[in-house]
Every structure is written in structure tokens, then in C-alpha cells.
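To keep things clear, I will list the structure first and then write my remarks on it.
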Amino acid sequence: MSRVLLIGWDGADWRILDPMLEGGILPNLQRLIDRGARGVLRSTVPNHSWSAWPSFLTGLEPSNHGVYDIFERKLGERRQLPVTFHSIKEKTMLADLSAAKATTVMTNVPLTFPAPVVEGKIVAGGVLPKWRPFTHPQELAGELEHAGRPFPINGMSWTTFRHRPEPFLQECMEITEARIRANEHLLDTTDWRFASLVFVATDRVQHCLAKYVSPDHPD
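Structure (C-alpha cells):
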């Protein structure tokens, strides 16, 4: 059975990756490049996660899928609410995959909360409200806990650590490693045809520590 595995790095940039590749510290990525191809993926306008990932899910510009920011205001109302999966106005790839009966594993893709019903398993991504179900099926979170592979949500907030980079980076590592373990469990225990796994630590670290990791940063 043919399979597609798509791994997303939120905020990854060749400007930062290339010096690391040249230094020989990303050998797995280098092997993938050597066996295949590489290119620059232009972002959306506006160029942030809340617009870009719905474009990934739909193949459409923000002007078509309708998500421009982390908040939205409904017509006639003054208060702003966080955008959700229901804010995406067009059909996503998940509908097509389910229609094709292609069992899917999707984890941590921003704006997949509340987790849609699919032929497969979803762990929602983005900033998630605590104490609300964030998986499809709903019992999946408990199953991961029971297997000793819990999928931690949220975290990696710079404001939590008040400019203490070492504990911030430690949490980034711990959360990423835990999510890798959960992802591996999902892939190993699901008869999947399409899997999409997104990692956001690259985005979180660059927001906070860009001057330390970006070779062309003005500082």
C-alpha cells in the first residue's frame, strides 16, 4: 500500500537551515535532500501561521478561505473570538481524504480545533482551550495517555519564562520529544495512508531568540 508522510516545520527557513546543513549537524535532513529535492515555499499574505496553515489545508489564498488573523469578529458583534477549524470557509483536504476512504493521521496542524471527524485520527493543533476534547476520536487523548505516549498541548510560551532562555529551550525540547513519541505510536498503531505531522518549536524559538539563530539578524 502506498503512503504519504508529510512533516511540517512551522517557521522553518533555509536562511537558518543552510548554515546548519553546511556544518553537518542535520544529517537526516541532508539525506532527504540528497535523495529528493528542495525549494523555497512562499508564505501567504498575511504571512503568519493562522493564515498559512488554512492555505495548506485548502490550497487556497486567505481571500478564499477567509482566515486572516488569530481572532475574528462576527458581523454585528463587538467582541473578538479566536479562529477555529469552523472559521475556514472552504473544503479542506480532510474532506477529500475521508471521501476517498484514505485513513489519515494528522497531528498539531494549526487551526484543526475542534478536531474534525475524519477517516482516521486527529490531534488538533494551535492554541487549544484547556479541559476540552482536542482529538478525534475524543477518546484518542486518553488512549495515548494509557499507552504512556501523551500528546502535550500548548506550552513553549516565551512570556511564561520571562526572558529565561534556558528553561524555555528545555521545555521546547521536552514537548517536542513527547510529541515525537506520540506521533510514532500513532503511526505504528494505525493502518494509515496519509499522515501529516507538524512541529512548531521552530516557530516558537525563532519568535523569541531570532537574533541568536538567524545569521542575518540586525543584532
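Heads up: the sequence shown begins at 350 in our numbering, then just goes up one per residue. Backbone N, C-alpha and C fix where the C-beta goes; we use that ideal spot for every residue, glycine too.
Would you mind working out which of the options sits nearest residue i, comparing C-alpha positions?
i    : options                : result
F548 : H566, R542, F500, W480 : F500
H534 : E523, R498, D565       : R498
I382 : E515, T508, D367       : D367
G388 : S404, P395, P376, R364 : R364
W399 : K423, P478, S436       : S436
K479 : E526, E371, I502       : I502
L409 : K438, R384, R513       : K438
DSSP has residue i in a bridge; who is on the other side?
i    : result
P514 : P514 pairs with nothing; no bridge assigned.
L355 : S545
H485 : I471
P368 : Its beta-bridge partners do not exist; DSSP assigns none.
L430 : E421
If residue i and residue j are in contact, beta carbons under 8 angstroms, what's the gap, nearest whole angstrom?
i    : j    : result
T539 : V476 : The pair is not a contact, with the Cβ atoms about 26 angstroms apart (cut-off 8 angstroms).
Under the three-state reduction of DSSP, which class applies to residue i: helix, strand or coil?
i    : result
V562 : helix
P459 : strand
V389 : coil
V554 : helix
H495 : helix
E307 : Nothing about residue 307 can be read from this structure; the chain reaches only from 350 to 568.
H407 : This sequence places Thr at residue 407; His is not what is there. Looking at T407 - three-state DSSP - the assignment turns out to be helix.
T441 : coil
Worksheet item: How do the segment 426-433 and the segment 441-450 stand: do at least 3 beta-carbon pairs fall below 8 angstroms, yes or no?
Response: Contact between the segment 426-433 and the segment 441-450 is absent, because fewer than three Cβ pairs lie under 8 angstroms.
Discussion item. Three Cβ pairs or more, each shorter than 8 angstroms: is that satisfied between the segment 396-416 and the segment 447-461?
Written reply: Judged by Cβ distances under 8 angstroms, the segment 396-416 makes contact with the segment 447-461, as three or more pairs qualify.
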